[in-house]
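First comes the structure, then the notes that go with it.
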Amino acid sequence: MSTSVGKPIARVDAFDKATGRAKYTDDLCDRSALIIKIVHSTVANGLVTEIDTSEAEKIPGVVKILTCFDVPNLPFPTAGHPWSTDPSHQDVADRLLLNRRVRYYGDDVAVVVAENEVAAAQAVRAVKVSYEEYPVILDVFDAMKEGATQLHEGFPGNILAHSGFRNGDYEKAIQEPGLIKVEGWYNTPTVQHCHIENHICFAQMEAGRVVVTSSTQIPHIIRRVVGQALGIPWGKVRIIKPYIGGGFGNKQDALYEPLCAWVCTQVGGRLVKLDCAREETFVSNRVRHAIRTHIISWVRPDGSFAARKIECYSNQGAYASHGHGVGAKGMNCFPQLYPCANVEGDCWTVYTNRPAAGAMRGYGIPQAMFAGESHIDDIAKALGIPPLEYRNRFVMHQGYVDGFSKNENYYDTFRQVLEKGEAVLEYQKKYQQYQNQTGPIRRGVGCAVFWYNTAVWPISLESSSCRMVLNQDGSIQVQTGETEIGQGCDTAYSQMAADAVGIPVSDVHIVSTQDTDITPFGLGAYASRQTYIGGFSIKQTGQLLKERILKYAQELTRMPVANLDLVDGKIVRVPDGRVLMSLGDLATEALYSMTHSEHITAESTYQIKSNAYSFGCSFAEVEVDIPMCKVKLLNMVNVHDCGKLINPALAEAQVHGGMSMAIGYGLSEELKFDPKTGKVLNNNLLDYKLSTFMDHPTLEARFVENPEPTSPYGTKALGEPPACSGAPAIRNAIFQATGVAIDQCPITPHVLFAAFQEAGLFEEVCK
Amino acid sequence: MYDLAALYEANSVAEAVSLRLAHPEAQILAGGTDVFVQMREGKRAGKALISIYGIDALRGVTLEEDGTIRIGSLTSFSHITKDPIIQKYINVLGQAVDMVGGPQIRNAGTIGGNTCNGVTSADSASTLFAWDAIVELTGSSGVRRLPIQDFYIKAGVVDIRPDEIQTAILIPKAAYEGYFGHYIKYAMREAMDIATTGCSVNVKLSEDKKAIEDVRIAYGVAGPIPMRAGTAEALAKGQAVSAETISSFAKAVLEDIHPRDSWRASKAFREHIAVELARRCLTQSILLAGGAL
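Have a look at this one:
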């Protein structure tokens, strides 16, 4: 039997997207829409005392101006998490639609509604806002200081949350004689997702309900948050999600859908559109948490761990959004990745006056891997053990089981991926060759592993629903609540559905758009879960549809169901392999039969109560031009064990994208803040140094395909993992090349200038 | 949708001059790669524009009878890079402007707009400074020519009178004959970036290639406007081609440049890079000129 799964078929949306035919949110918005533009605060910490809209209202074309004094007092949470019916597990509700108490430079204080963009922009400039100002707090340690202004009621010390763990006895273990202490502080920056399509949404009232079309990853969750924010029943809200130009987690949050929906209700239900500019996307959407990580390892001379400790200080920014989940995820993988009997961890998530941090591809793991894998090279250096050898000896072994998630390392994945990556980069040979270099231009190789898991079970709900509808010609429509956000799940789902039902993939019509009125309930795209989670309900629903088809086939052929199968779109009598009829003929008969007409459909929900480790590694080769303070990335390899590949071509593309993100994280990307005002200085794509093709070497993606036993298709996470280990691999390669350990990213020329100066490298090489 | 008061389109230089006089408040628009960006940001919102983009007479590179290279002000960066006259005589200019932005910007952006912006970081500017370029302006009383160093007044301000538009950039034969040059754009990434510091050097060697007969070095982002490093030039002129000459030349640029601290880069960092760029640009220029090191 031919299968679709495992084949590198072209994306189902490739032609529409390449020809510009695919419709995105703005393409769907009628040109009659009123334009919403936001007035953002120009202080980072303060209270709006007065808003003077008189000049702005005089501008021709201005329809309405609404301010923070007009919004309902209904604090709402924004994180794109499944709702919890247990109040203690619900996300922190700390935002209003517009905020009088402003907490970052760029907070939303008012909106202008106008007939066109020019009038709206002019009015935004003409609105005068007065503030009472408080001191600006950008760093976690300043926020935690005694006397620091409290940003939110109920969170003393600006600590949103703290969690930790204690395994074994750290204090006792460090008494062991002969231990070597390796300690480091590792800092990661505030970065932004930089998806191509900025967040945009439009809303209008229809039949007493508010309908919002949005560039989001999570339509069903957005419906709930809009309902909460407006104080209306959730059924009065309808969310439509068309094709979107990327999200990377930024759109796994209620961004401006609640505001847009509310403004719509304030202008008589007229169509209103809110389209974020890139400058706003950088500041007033979500960012990645900057995390300060402190690690202490007590190691024996043979490299084994006696005790370890990790402390993470996660910069939440102004609002809770995804909150503590991000830093905690990074902390919680620490005792798993390099198991050690005596290990302590603490994580504090701290409010500051930076933009609100939310979900971003990797969800705490890129930060944790930069810290943890930089630290592993620091240990290897301290002990004189080659870093790859160190990892091979001590990284998680086969058979490891995490007590909480019940995740099991079923295969010896780490050693398999490291072996493969080593071979592609020729790491060992180069590592020897690059030892003890002198001169201004030096090369180095580095590696790093990463820990990841799939989906959010058992912390949150995992559930997927699927609907399949049979057409006259034997083709089917497939719908799920999981969303295509550019990652290719429409294609992967089509392949899975084809195999589950027994039809060619060309007969699967995936319905890409999610509409909460008609799409089965699902939670959307996040946590690298789409392929894994969707697989359960697609397989189950496909089997259900197939059962119904074969039952109908029995009526038509009078053959026992047990002797029938659906193969490649044909009803086959199994014992002799004879094709009895095509599925198209069967479907036509089923719909138009004068004796038994039936629309054959299937729909089901699958609740998933498992999770899966998804591991891999990165290798990097760099050339460091010391006088120029520049790093050139010569080669980069990522190796992933994400189980069986559903579509190898899409998997490779996914890895390339993640590697690109890791390169920017390692070398160039960071939001810069004015220390006095808290204003983001580089909220544009010129000054924010997203890496380009020209900054990339050829990206090598490789896979180890150990079938995941908990998945119906043997698959697991690949969405976020590619972004997790690249930055520390680059850092470690620079370390080998120069002997200089950089404990922060991005490793920009400015950082290298200071570090090389301190290390005396310029005297050595610049004559 | 742009917030502009009016758009006037000139089809000839004369028409542009009279539009300038009729609408003194209006902003000249060439390729639009900066003006529209600023307008969108609100900096030039509500302004009137005089577009000179349709004046085809201002496009193209020609060699005048006396050997002067004439670059029409509306010549795009990509046309400059691919122009055979540029490639033959002052290839480094083509290389420098090929580092501006990305391909779309290089197709739309013009050398006239790049210099009239008056910004220190323009990739064309430091190279034109190093070539002793002449700026040609045309106004109601005719043509005015001035050295590019005099054209730049201060950051963002150049010497264009209310009735003038820039019509050409000229490189005299004496400035390029026998010279070989190299430009390094030091930026944070390999494309789509603005120079942290840019350095352009050209050099003329003695007939035996053993001595530096003349050398010119110019910088972008080493001060508020592009600038030459005269002390370094004077120091290297007439010296033997050697590593020592290059090294002392490179260090001497610090006498002339005065970059500032900003959130984009520190003064100390820019100075460090400026010295290294001088070293590398001069080395490469000497090699291109046939010198041995």
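Chains as they are written, first to last, in the working numbering: chain G, 1 to 767; chain Z, 768 to 1060.
For each residue, glycine too, the CB sits at the ideal point set by N, CA and C.
Interface residues of chain Z facing residue i [CB-CB closer than 8 Å]
i, result
"H750(G)", "A1032, S1033 and F1036"
"A121(G)", "D770, G809 and A812"
"L686(G)", "M959, D960 and I961"
"K672(G)", "W1030"
Contact list for residue i against chain Z, beta-carbon separation under 9 Å
i, result
"T692(G)", "G869, R956, E957, A958, M959 and D960"
"L681(G)", "W1030 and R1031"
"Q192(G)", "Chain Z residues near Q192(G): none, gap ~16 Å exceeds 9 Å."
"S660(G)", "Those do not exist, as S660(G) stays about 12 Å from chain Z at its closest Cβ, beyond 9 Å."
Cα-Cα separation, residue i to residue j
i, j, result
"L255(G)", "A261(G)", "11 Å"
"Y953(Z)", "T963(Z)", "6 Å"
"T3(G)", "V505(G)", "9 Å"
"C51(G)", "L66(G)", "Checking the displayed sequence, the identity of residue 51(G) turns out to be Ile instead of Cys. So the alpha carbons of these two residues sit roughly 10 Å apart."
"S84(G)", "D91(G)", "8 Å"
"A121(G)", "F282(G)", "18 Å"
"E571(G)", "G535(G)", "Just to set this straight, residue 571(G) is Ile in the shown sequence, not Glu. Using only the alpha carbons, I get a separation of about 24 Å."
"M768(Z)", "A500(G)", "49 Å"
"S668(G)", "G231(G)", "43 Å"
"Y134(G)", "Q150(G)", "10 Å"
"M468(G)", "I518(G)", "13 Å"
"A797(Z)", "L825(Z)", "11 Å"
"H509(G)", "R558(G)", "30 Å"
"Y946(Z)", "V1020(Z)", "20 Å"
"E573(G)", "V478(G)", "Contrary to the premise, residue 573(G) reads as Arg rather than Glu in this sequence. Straight-line Cα distance between these residues: approximately 26 Å."
"E484(G)", "E197(G)", "14 Å"
"K429(G)", "V350(G)", "45 Å"
"A875(Z)", "S840(Z)", "12 Å"
"I878(Z)", "I961(Z)", "15 Å"
"V417(G)", "V639(G)", "6 Å"
"A793(Z)", "A148(G)", "50 Å"
"A562(G)", "Q543(G)", "14 Å"
"N884(Z)", "V924(Z)", "7 Å"
"E389(G)", "A1059(Z)", "46 Å"
"E705(G)", "I533(G)", "18 Å"
Under 7 Å by beta carbon: chain Z residues contacting residue i
i, result
"Q817(G)", "Beyond the ends of chain G as shown, which are 1 and 767, falls residue 817(G); an answer cannot be given."
"R125(G)", "G809"
"D695(G)", "R956 and E957"
"K689(G)", "M955 and R956"
"S284(G)", "By Cβ distance, chain Z contributes nothing, its closest Cβ being about 16 Å from S284(G), past 7 Å."
"S668(G)", "M955 and R956"
Paired residues, beta bridge with residue i - DSSP
i, result
"E980(Z)", "In DSSP, E980(Z) forms no bridge with anything."
"I772(G)", "Look at the range of chain G in this structure, 1 to 767, and you will see that residue 772(G) is not part of it."
"Q933(Z)", "L904(Z)"
"W348(G)", "H162(G) and Y313(G)"
"K181(G)", "W298(G)"
"L461(G)", "In DSSP, L461(G) forms no bridge with anything."
Proximal residues of chain G, C-beta to C-beta of residue i below 7 Å
i, result
"H1039(Z)", "F753"
"M768(Z)", "N116, E117 and V118"
Residue i: contacting residues in chain G (beta-carbon distance under 8 Å)
i, result
"E1043(Z)", "P627, M628 and C766"
Contact between the segment 468-485 of chain G and the segment 586-594 of chain G (3+ Cβ pairs under 8 Å): yes
Inter-stretch contact at 8 Å, needing at least 3 Cβ pairs: the segment 207-217 of chain G / the segment 241-255 of chain G: yes
Any alpha helix (DSSP H) of 4 or more consecutive residues that is wholly inside the segment 413-448 of chain G: 413-425 and 427-433
Start-end ranges of the beta strand (DSSP E) lying completely within the segment 546-614 of chain G, minimum 3 residues: 564-567, 570-573, 578-582 and 601-607
Segment contact, 8 Å Cβ cut-off, at least three pairs: the segment 435-452 of chain G with the segment 613-622 of chain G: yes
Touch test, the segment 574-585 of chain G against the segment 546-564 of chain G, Cβ-Cβ under 8 Å, three pairs minimum: yes
Three or more C-beta pairs below 8 Å linking the segment 389-396 of chain G and the segment 369-380 of chain G: Contact between the segment 389-396 of chain G and the segment 369-380 of chain G is present, with at least three C-beta pairs closer than 8 Å.
Ordered list of alpha helix (DSSP H) runs contained in the segment 780-868 of chain Z, each at least 4 residues: 780-789, 802-808, 844-849, 851-856 and 858-864
Contiguous beta strand (DSSP E) assignments of at least 3 residues, all confined to the segment 244-288 of chain G: 272-275
Given 8 Å, three or more beta-carbon pairs between the segment 643-663 of chain G and the segment 987-1005 of chain Z: No: fewer than three Cβ pairs fall under 8 Å.
4-residue-minimum alpha helix (DSSP H) runs that sit fully inside the segment 371-398 of chain G, ordered along the chain: 387-394
Contact the segment 399-407 of chain G vs the segment 356-364 of chain G: 3+ CB pairs below 8 Å: no
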